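S.K.: Following this message is one structure expressed as structure tokens.
In our numbering, the protein residues as written are 348 to 780.
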């Protein structure tokens, strides 16, 4: 990326950029908060502000057809819009200006809309935008049917294990928040600490049977078998994850203790039920949907024996976008649904589980994503060669935006420890884990 200073010097004042700045004024509550460079080389806005370059009129066409986050994300991932310099700093600045000016929920006047239409006509911007980016999910079928859920998960997780190995820590391949002993704890150490924490909370001992619902790349299943002697069944609907996890089990000599199944969570519990001593599900409940969460909670309840423990690690969110917002819902995790942690606890209790502990890990996720982003940028050339520039831009926006959401408190993540009543299920008097 070019620096802010270079682009400020190269760009010329006036032209298209000034016309856009004037048309945008009523929509953004005043002057441009960024240095805007248009495709004709003209510039407007503060010279020392974050630099946003519109490389093509198609960027504005996308914004006209999909105002706000989705249009901006489409333009960014295709390279029609570039943010020069530090993406986190630029987005943080934009959020701060929007909050200061009270832009959330603000509706432009008819006069402002008419002025924008005149500007669009003058700049020949009224044509249809290009097709959606190739990286944008296009799902069909009934929401949260088994087939659609498979396609939604495949969109994000079947990119290739090699791609994820260049971002996640290579030892565990854990794609969920770590547990950091300090802000400087290495990513691999934090992920192993998280896996240990989960296994200790579940009270795993040699020979105990664990069901890992949404096992991902197999990190918890393999750790529980190798370090705690558990016998584990891990279920996933990603064929790529199953292949990777099975190969890892063979390499580590764990195939006799760990079984991975390509299986929807709704089919994970035998008809007789109550087969497992413990059940875990790490950051999978976000994907089951609003209406299906009671079904998911019942699966967790029915799978564990009376007196057995269940641990769910899950992201939480309040506000307007339970799916994470237009970018996340379109490019990363289609059909995801999050809610405040209290609402999730209530649903788990309604399924018959007794909630014994809720452990907030929001700050830990900020550090985890920072570790992923560091590895991503260190391996960006190899990642680009593997998956192409567009997906690289999707993931850069995803990682930076996700870190900001946890840092600023728009999202959280919690571990909820439960037991199934019906037998002795006393826990230690103190949180010995």
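For each residue, glycine too, the CB sits at the ideal point set by N, CA and C.
Just so we're clear, the structure is a prediction, and the values are computed from it rather than from any experiment.
Please work out which residues of its chain come closer than 6 angstroms, Cβ to Cβ, to residue 520, disregarding the five sequence neighbours upstream and downstream, and give them in chain order.
M.R.: Closer than 6 angstroms at Cβ, skipping near neighbours: 564, 566.
S.K.: Should residue 646 and residue 608 be called a contact, given that it needs their Cβ atoms to be closer than 8 angstroms?
M.R.: No, these two residues do not count as a Cβ contact at 8 angstroms.
S.K.: Let me know the secondary structure DSSP gives residue 774 once reduced to three states.
M.R.: Coil.
S.K.: Let me check understanding here. Comparing Cα to Cα, which of 571, 726, 718, 603 lies closest to residue 527?
M.R.: Comparing Cα positions, the closest option is 718.
S.K.: For the beta strand (DSSP E) that residue 725 lies in, which residues bound it at each end?
M.R.: First-last for residue 725: 709-725, but that is the alpha helix (DSSP H), not the beta strand (DSSP E).
S.K.: Give a yes or no on whether the C-beta atoms belonging to residue 697 and residue 641 are separated by under 8 angstroms.
M.R.: Result yes, Cβ atoms of residue 697 and residue 641 sit closer than 8 angstroms.
S.K.: Can you name the start and end residues of the alpha helix (DSSP H) that residue 591 belongs to?
M.R.: First-last of the alpha helix (DSSP H) with residue 591: 586-598.
S.K.: Quick one: is residue 676 buried, meaning 16 or more other Cβ sit within 10 Å of its Cβ, or exposed?
M.R.: It counts as buried.
S.K.: Can you have a look at residue 351 and say buried or exposed, based on whether 16 or more other CB atoms are within 10 angstroms of its CB?
M.R.: With a pLDDT of 41 at residue 351, under the threshold of 50, the predicted position of this residue should be treated as unreliable, and no value is reported.
S.K.: Under 8 angstroms: do the stretch 623-643 and the stretch 539-555 share three or more Cβ pairs, one atom per stretch?
M.R.: Yes: at least three Cβ pairs fall under 8 angstroms.
S.K.: Measuring only the C-alpha atoms, how far is residue 600 from residue 710?
M.R.: Straight-line Cα distance between these residues: approximately 35 angstroms.
S.K.: Specify, as a first and last residue, the run of the beta strand (DSSP E) that residue 428 falls within.
M.R.: Start and end: 428-431.
S.K.: If you measure between the beta carbons of residue 610 and residue 571, is that distance less than 8 angstroms?
M.R.: Going by C-beta atoms, residue 610 is not nearer than 8 angstroms to residue 571.
S.K.: Closest to residue 531 by CA distance: which of 751, 653, 557, 713 is it?
M.R.: Ranking 751, 653, 557, 713 by Cα distance to residue 531 puts 713 first.
S.K.: What's the C-alpha gap between residue 356 and residue 399?
M.R.: Its pLDDT being 42, under 50, residue 356 is placed unreliably in this model, and the coordinates cannot settle the point.
S.K.: Would you say residue 410 lies against chain C (beta-carbon separation less than 8 angstroms)?
M.R.: Here chain C cannot be found, since the structure has a single protein chain.
S.K.: Span of the alpha helix (DSSP H) holding residue 404?
M.R.: Residues 404-412.
S.K.: Would you list the residues sitting across from residue 583 in a DSSP beta bridge?
M.R.: Bridge partners of residue 583: 609.
S.K.: Which residues mark the beginning and the end of the beta strand (DSSP E) in which residue 382 is found?
M.R.: 382-384 is the span of the beta strand (DSSP E), which, as asked, contains residue 382.
S.K.: What three-state label does DSSP hand residue 661 in the structure shown?
M.R.: Reduced to three states, the DSSP call for residue 661 is strand.
S.K.: Tell me whether residue 353 is buried or exposed, calling it buried when 16 or more other Cβ atoms sit within 10 Å of its Cβ.
M.R.: The predicted position of residue 353 is uncertain, since its pLDDT is 46 and thus under 50; no value can be drawn from it.
S.K.: Could you name the residues that DSSP lists as bridge partners for residue 629?
M.R.: For residue 629, which the question treats as bridged, DSSP gives the partners 660.
S.K.: Using a 10 Å radius around the Cβ and a threshold of 16 neighbouring Cβ atoms, would you call residue 408 buried or exposed?
M.R.: The residue in question, residue 408, is buried, as its Cβ has 16 or more Cβ neighbours within 10 Å.
S.K.: Can you tell me the Cβ-Cβ gap for residue 753 and residue 716, rounded? I've got them flagged as a contact below 8 angstroms.
M.R.: 7 angstroms between Cβ atoms; contact.
S.K.: Going by Cα to Cα distance, which pick from 586, 374, 397 is closest to residue 384?
M.R.: Of the listed residues, the one whose Cα sits closest to residue 384 is 397.
S.K.: With respect to the beta strand (DSSP E) encompassing residue 635, which residues constitute its N-terminal and C-terminal limits?
M.R.: No beta strand (DSSP E) holds residue 635; DSSP gives it neither H nor E.
S.K.: By Cβ distance below 7 angstroms, which residues in the same chain neighbour residue 349 in space, the five residues on each side in sequence not counted?
M.R.: Low confidence applies here, because residue 349 scores a pLDDT of 43, under 50, leaving its location unreliable; read the following figure in that light. Within the same chain, residue 349 has close Cβ partners 431.
S.K.: From residue 755 to residue 602, what does the alpha carbon distance come to, in whole angstroms?
M.R.: Rounded to whole angstroms, residue 755 to residue 602 spans 42 angstroms at the Cα level.
S.K.: Starting from residue 574 and walking both ways along the alpha helix (DSSP H), at which residues does that stretch end?
M.R.: 566-575 is the extent of the alpha helix (DSSP H) around residue 574.
S.K.: Below 8 angstroms between beta carbons: does that hold for residue 765 and residue 657?
M.R.: Yes. Within cutoff.
S.K.: Looking only at C-alpha atoms, which of 730, 757, 748 sits nearest to residue 666?
M.R.: Per the Cα distances, 757.
S.K.: I need the straight-line Cα distance from residue 478 to residue 744, nearest angstrom please.
M.R.: Rounded to the nearest angstrom, the two C-alpha atoms are 20 angstroms apart.
S.K.: To which residues does DSSP link residue 623 through a beta bridge?
M.R.: DSSP output for residue 623 lists 651 as bridge partner(s).
S.K.: Less than 6 angstroms between C-beta atoms, sequence neighbours within five positions excluded: which residues of the same chain meet that for residue 768?
M.R.: The residues are 701.
S.K.: Suppose contacts are defined by Cβ-Cβ distances below 8 angstroms. Is residue 375 in contact with residue 500 by that definition?
M.R.: No.
S.K.: Residue 380 and residue 441 - do their beta-carbons sit closer together than 8 angstroms?
M.R.: Taking 8 angstroms as the Cβ cut-off, residue 441 and residue 380 qualify as a contacting pair.
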